[in-house]
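Residue numbers (my numbering), protein chains in the order written: chain A, 1 to 117; chain B, 1001 to 1319.
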Amino acid sequence: MTENQDVTRYLGKKYPTKWDEVPIAGIVPWPGNTEELKTHAWRTIKPVIDQEKCIRCRLCWVYCPDSAILEVDEEYVTSKGRRYKVSYKVDYDHCKGCGICAFECPVNAIQMVPEER
Amino acid sequence: MEALKKPVRTIWDIPRPEQFAPGHNMCQGCAAALIMRMLMKVVGKDAIVVMGTGCVEVTTTPFPYTSWKNPWLHLAFENTAAGASGVEAALKALQRKYGVFKDRYIKVVAIAGDGGTFDIGLQSLSGMMERGHDVMYVVYDNEAYMNTGIQRSGATPLGAWTTTTPVGKRMRGEPRPKKDIIGIALAHRIPYIATANPAYPTDMMEKFRKAYETRGPSLVHVYSPCTPGWRIRNEHTIHVSRLAVQTGMWVQLEIENGKPRVTVKVPKRKPVREYLRIQGRFRHLTEEEIQKIQRMVDEYVEEINRWVGEQAIGPVVEE
């Protein structure tokens, strides 16, 4: 998701602007385009992952209902010299702030921080 | 993304690519979203999703948006399984007459909520199972009609508050126990029946995979906590599902060709009080009513143990 993305089309197919451009029979030819809808405004608290404490058990990634925890191939070396091949990041565009990740984290590496503007 | 081939033994066997897009309108902490995400990771792209009305149907497809990356068909409450059998028959006819999809196996996956399965869609489900269509039927059971505003369904457990079973002097929540959909499916002699729970994701995905590989009708009954309807905290979704298994309210069953097996064994069962006290829909229950539910669960567990022929679920141990 980039800032200057074209919002009039998805996967190269244009969204309808007039009634006669709407696909026949209500077909939606844009598979998986709800990822354009940002649900970040729903949350009042946001998860913050402490990369030092995280043991890469993958539980937050598994239990996230909104696929808002991303698993990225990013190497991380902790201050104690432990080397991890993957890192977990939060997709703040889609996170609804339910707090399942923080509740299920076995080492309390995820903190729910109040959202401030 | 291809369908899952090898068994899911650990959490690291779960594939990383997503087949179910984020950004849907399901509530914060909804377990149904998690179930759909795991289901689509298993079935991959070669599947046609046939969906009955329900929470997931309404929240994932606000026109002109969709969360699904598969061919997807909307159906009403009562004809989910009927539509799924039609799609499957049409695929078979296309293969026979025109030879399309010769080298690919395409699965029809029917998804419906508990209202669309236990109450309204029961006749078409029965017909689908009786005719032996090659359809995988997934029920996400949030134990009431949550989408329209928490009305009771056949799946509502004993004593639960809903808007149509209110709590007062005359009525103390839902007066009848939950309908036994597994027993109904078992009576149709279908090859694969399972109950799954999102708190055990590897077990759930393994059951989805087995249902996917079954050639013939299969039914997977998935427990799905609903945060607004059950009056639980958003972060307690997985905690509540785990407690349901640990207290014996929910038993992780798998019935392959009539042979039952308990996949998640519970040697020491917790008292049901722990499960009931965490949910707002059971907060009116008195100690007497909790004991009544405890006796009911004890009988159910005993029945399951007798059926599988071993002590799969142990006795209650107070901590």
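Even glycine gets a Cβ: it sits at the ideal position worked out from N, Cα and C.
No experiment lies behind these values; they were computed from the predicted model shown.
The continuous alpha helix (DSSP H) containing aspartate 1203 of chain B extends over residues 1201-1213. Chain-ordered, the chain A residues with CB closer than 8 angstroms to the CB of phenylalanine 1063 of chain B read Gly26, Val28. From the beta-carbon of isoleucine 1014 of chain B, the residues of chain A found nearer than 9 angstroms are Arg58, Trp61, Val62. Annotation: glutamine 1294 of chain B has no Cβ neighbours in chain A at a cutoff of 7 angstroms; minimum Cβ distance is about 27 angstroms. Proximity of chain B to serine 67 of chain A at the Cβ level (cut-off 7 angstroms) is accounted for by Glu1018, Pro1022, Arg1037, in chain order. Nearest to proline 31 of chain A by alpha-carbon distance, out of B:Ala1032, B:Leu1039, B:Cys1027, B:Ala1021, is B:Ala1021. Counting along the chain, glutamate 1274 of chain B sits inside the alpha helix (DSSP H) bounded by residues 1272-1277. For tyrosine 1145 of chain B, there is no enclosing beta strand (DSSP E), as DSSP marks it with neither H nor E. Taking C-beta separations shorter than 7 angstroms and ignoring five residues to either side along the sequence, the partners of aspartate 1141 of chain B in its chain run Asp1114, Ala1155, His1221, Val1222, Tyr1223, Ser1224, following chain order. When Cβ pairs closer than 8 angstroms are counted between the two stretches, the stretch 82-102 of chain A is seen not to touch the stretch 1159-1177 of chain B, the count staying below three. Secondary structure within the stretch 1036-1116 of chain B: the alpha helix (DSSP H) runs of 4 or more consecutive residues, fully enclosed, are 1055-1060, 1080-1098 (chain order).
Where threonine 17 of chain A is concerned, there is no enclosing beta strand (DSSP E), because DSSP gives it neither an H nor an E. CA-to-CA, the gap between threonine 1237 of chain B and lysine 1097 of chain B works out to about 48 angstroms. For asparagine 108 of chain A, no Cβ of chain B is located within less than 8 angstroms of the residue's own Cβ. Separation of asparagine 1257 of chain B and proline 1191 of chain B (C-alpha to C-alpha, rounded to the nearest whole angstrom) is 5 angstroms.
Taking C-beta separations shorter than 6 angstroms and ignoring five residues to either side along the sequence, the partners of methionine 1001 of chain B in its chain run Pro1017, Gln1019, Gly1044, Lys1045, following chain order.
In the DSSP assignment, threonine 1263 of chain B forms no beta bridge with any residue. In the pairwise beta carbon analysis, the stretch 1086-1097 of chain B is classified as touching the stretch 1122-1136 of chain B: at least three pairs are separated by under 8 angstroms. Note on geometry: alpha-carbon atoms of aspartate 1298 of chain B and glycine 1229 of chain B lie some 26 angstroms from one another. Note: valine 72 of chain A is bridge-paired with A:Ser87 in the DSSP secondary-structure output. Histidine 40 of chain A carries a helical assignment under DSSP once its states are collapsed to helix, strand and coil. When secondary structure is reduced to three states using DSSP, valine 1167 of chain B falls in the strand class. In the structure shown, proline 31 of chain A falls within a coil segment according to DSSP collapsed to helix, strand and coil. In this structure threonine 1195 of chain B touches isoleucine 1182 of chain B by the C-beta definition: roughly 6 angstroms separates them, less than 8 angstroms.
Rounded to whole angstroms, glycine 1309 of chain B and threonine 1247 of chain B show a C-alpha spacing of 20 angstroms. In this structure, the CA atom of proline 114 of chain A is about 32 angstroms from the CA atom of threonine 1162 of chain B. Annotation for leucine 70 of chain A: Lys89, Asp91 place their beta carbon closer than 6 angstroms to its own, counting only its chain and skipping 5 residues before and after.
Among the residues of chain B, those whose CB is under 7 angstroms from the CB of glutamate 71 of chain A are Arg1016, following chain order.
When secondary structure is reduced to three states using DSSP, isoleucine 49 of chain A falls in the strand class. For valine 1222 of chain B, the enclosing beta strand (DSSP E) covers residues 1218-1223. Against chain B, the CB of proline 114 of chain A has no partner CB under 8 angstroms away; the residue lies outside that interface. Spanning the alpha carbons of valine 1266 of chain B and arginine 1215 of chain B requires a straight line of approximately 31 angstroms. Between isoleucine 1011 of chain B and chain A, the shortest Cβ-Cβ separation is below 8 angstroms.
Pairing isoleucine 1120 of chain B with glutamate 1078 of chain B, the inter-Cα distance amounts to about 5 angstroms. Among the CB atoms of chain B, none fall inside 8 angstroms of the CB of proline 47 of chain A.
By the neighbour-count criterion, in which a residue is buried when 16 or more other Cβ atoms sit within 10 angstroms of its Cβ, tryptophan 19 of chain A is exposed.
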